[in-house]
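Note that the sequence shown covers residues 4 to 420 in the working numbering.
From the three backbone atoms N, C-alpha and C, an ideal C-beta is built for every residue, glycine too.
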Amino acid sequence: MLRDILLIQKREMESRLKEKYIERDAEIKNLRSSLIKVIAGPRRAGKSFFAVHTLSKIGKFGYVNFDDEKLVDVKDYDEIVNTLNSVYDNPEFLLFDEIQNLEKWEIFANRLQRQGYNLIITGSNSNLLSRELSTHLTGRHTLINIFPFSFKEFLRLEEKELTESEIKAKMFFYLTHGGYPETLIKNLDQKDYLSTLFSSIIYKDIVKRYNIRSYQAIEDLAAFLISNIAREFSYTTLSKVTKCKSVHTIEKYLNYLEEAFIFFKIRKFSPKIREQITSNKKIYCIDNGFVQAKAFKLSSDYGRLYENIVAIEMKKIEMAGYANIYYWKSAQQEEVDFVVKQGAKIKQLIQVSYDISDKKTKKREMRSLIKAGEEMKCKNMLIITDDYDKEEMISWFGVKRKIKFIPLWKWLLSRKI
Numbered sequence: 004m005l006r007d008i009l010l011i012q013k014r015e016m017e018s019r020l021k022e023k024y025i026e027r028d029a030e031i032k033n034l035r036s037s038l039i040k041v042i043a044g045p046r047r048a049g050k051s052f053f054a055v056h057t058l059s060k061i062g063k064f065g066y067v068n069f070d071d072e073k074l075v076d077v078k079d080y081d082e083i084v085n086t087l088n089s090v091y092d093n094p095e096f097l098l099f100d101e102i103q104n105l106e107k108w109e110i111f112a113n114r115l116q117r118q119g120y121n122l123i124i125t126g127s128n129s130n131l132l133s134r135e136l137s138t139h140l141t142g143r144h145t146l147i148n149i150f151p152f153s154f155k156e157f158l159r160l161e162e163k164e165l166t167e168s169e170i171k172a173k174m175f176f177y178l179t180h181g182g183y184p185e186t187l188i189k190n191l192d193q194k195d196y197l198s199t200l201f202s203s204i205i206y207k208d209i210v211k212r213y214n215i216r217s218y219q220a221i222e223d224l225a226a227f228l229i230s231n232i233a234r235e236f237s238y239t240t241l242s243k244v245t246k247c248k249s250v251h252t253i254e255k256y257l258n259y260l261e262e263a264f265i266f267f268k269i270r271k272f273s274p275k276i277r278e279q280i281t282s283n284k285k286i287y288c289i290d291n292g293f294v295q296a297k298a299f300k301l302s303s304d305y306g307r308l309y310e311n312i313v314a315i316e317m318k319k320i321e322m323a324g325y326a327n328i329y330y331w332k333s334a335q336q337e338e339v340d341f342v343v344k345q346g347a348k349i350k351q352l353i354q355v356s357y358d359i360s361d362k363k364t365k366k367r368e369m370r371s372l373i374k375a376g377e378e379m380k381c382k383n384m385l386i387i388t389d390d391y392d393k394e395e396m397i398s399w400f401g402v403k404r405k406i407k408f409i410p411l412w413k414w415l416l417s418r419k420i
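Shown next as structure tokens:
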């Protein structure tokens, strides 16, 4: 029976290798090292597709997808390895897909690594992976994060060099449709696909995994958050708008939603850790497609969609360990969207303003940056806009600073910290 399951999975995998593939910017470094290669990210973001295409260029590999209900009852893990070696003729690499579904997977992976197997594993639950990796695979693994398509990857779908006007048109499509690979490559109905995926992740990766009784409560929480991206929240406020009256439960449910790679939060900057923990956070979604598919709205808020795209790029930087990301807010309610902190130094301040044609709006955004820059001793200030591309000098209370403006599409294609 196990052999039949792996044979069917092998055929499915080989069939997928014939499908159109867009090269990802991620890379599995030192593939032949003894370290376990962990590929983490949202469901359907292309983790296994990325791994399969990478391995197919290198050498023989065996594949097991643990997101298969037929494997639930398999308790003899050695039988899995033996059958895998038989089906794939002793492959050089073992690829275990969605390994978090395997009970005590980290102990199994650890043992195989000690026995000399070259493992590549994927998982869709960030906290489960990070927790188990840190406790059981310390020093024995390397982590690669795969998200839905970035704008750079999205443009590769065209397979040709685009004009600036064409890139701008593609930017608007990406802004409203997001970057989930399957909807873009196969031209699926984006709203139906992502709405179903969103609900499936909540049920499969949260409700079922954690035996949550009140499905309606976490569904209400997710619906509220997806309709309020790029806005501040407090756990107390969230408890009032859902069926959950317990702040502790709300905090727990939000952590589950983050673990499943649907949402992520950014803390308010403060030199005091206690203030960072207790202050309001801002909420963002892992892909704009989810926002368009699930958010309750009467009209599109392009400003918040712009900010969410920038937040996703900031999250990638943070997850890669290059910097810590915050937002800043003064006692006078002046705000800077993103504070990029490397070590003890504030590296950059970023403001996102979709429309700065209004002089008052433009001046407000610039002054917020300058005030934050003076407070945090940072002169590298950037405003990401719809189509304004310039550098300007501004004076504020005797302080003269240069601020760079750049269109979102251009920033995404040449992003540097």
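Residue 256: member of the alpha helix (DSSP H) spanning 250 to 262, first to last residue. For residue 47, the secondary structure class from DSSP, reduced to helix, strand or coil, is coil. In terms of CA proximity to residue 27, 155 leads the group 20, 155, 254, 19. When 13, 29, 92, 141 are compared, the shortest CA-CA separation from residue 99 is found for 13. A check of alpha carbon separations from residue 311 across 199, 379, 230 identifies 230 as the nearest. Judged by DSSP in its simplified three-state form, residue 306 adopts helix. DSSP lists 330 as the beta-bridge partner residues of residue 271.
By the criterion of a C-beta distance shorter than 8 Å, residue 84 is surrounded in its chain by 97, 115, 120, once the five residues flanking it on both sides are discounted. Cβ contact annotation for residue 139 (same chain, cutoff 6 Å, sequence separation greater than five): 109, 113, in chain order. In chain order, 5 place their CB closer than 8 Å to the CB of residue 82, counting only its own chain and leaving out the 5 sequence neighbours on each side. For residue 381 and residue 372, the gap between their C-alpha atoms comes out near 9 Å. Under the Cβ criterion (8 Å, minimum of three pairs), the stretch 49 to 61 does not count as touching the stretch 159 to 172. Counting along the chain, the unbroken beta strand (DSSP E) around residue 287 starts and ends at 284 to 288.
Here residue 181 is not near residue 304, since their CB atoms are 9 Å or more apart. Counting only the Cα atoms, residue 207 lies some 47 Å from residue 393.
Taking 9 Å as the cut-off, the Cβ atoms of residue 88 and residue 62 do not count as close.
Per DSSP, residue 394 is one residue of the beta strand (DSSP E) stretching across 393 to 399. In the structure shown, residue 19 adopts helical secondary structure according to DSSP, grouped into three states. Of the residues assessed, residue 274 falls on the exposed side of the cut-off, its CB having fewer than 16 other CB atoms within 10 angstroms. If you look at residue 292, you'll find it in the alpha helix (DSSP H) that goes 291 to 297. Where residue 368 is concerned, the enclosing alpha helix (DSSP H) starts and stops at 362 to 379. Sequence-distant partners of residue 16 (beyond 5 residues in either direction) whose C-beta falls short of 7 Å from its own C-beta, in its chain, are 55, 66. Less than 9 Å divides the Cβ of residue 286 from the Cβ of residue 232. Excluding its 5 nearest sequence neighbours in each direction, residue 48 has C-beta neighbours in its own chain below 6 Å: 149, 150, 151, listed in chain order. Just so you know, the alpha carbons of residue 107 and residue 214 end up roughly 18 Å apart. As a beta-bridge residue in DSSP terms, residue 355 pairs with 387.
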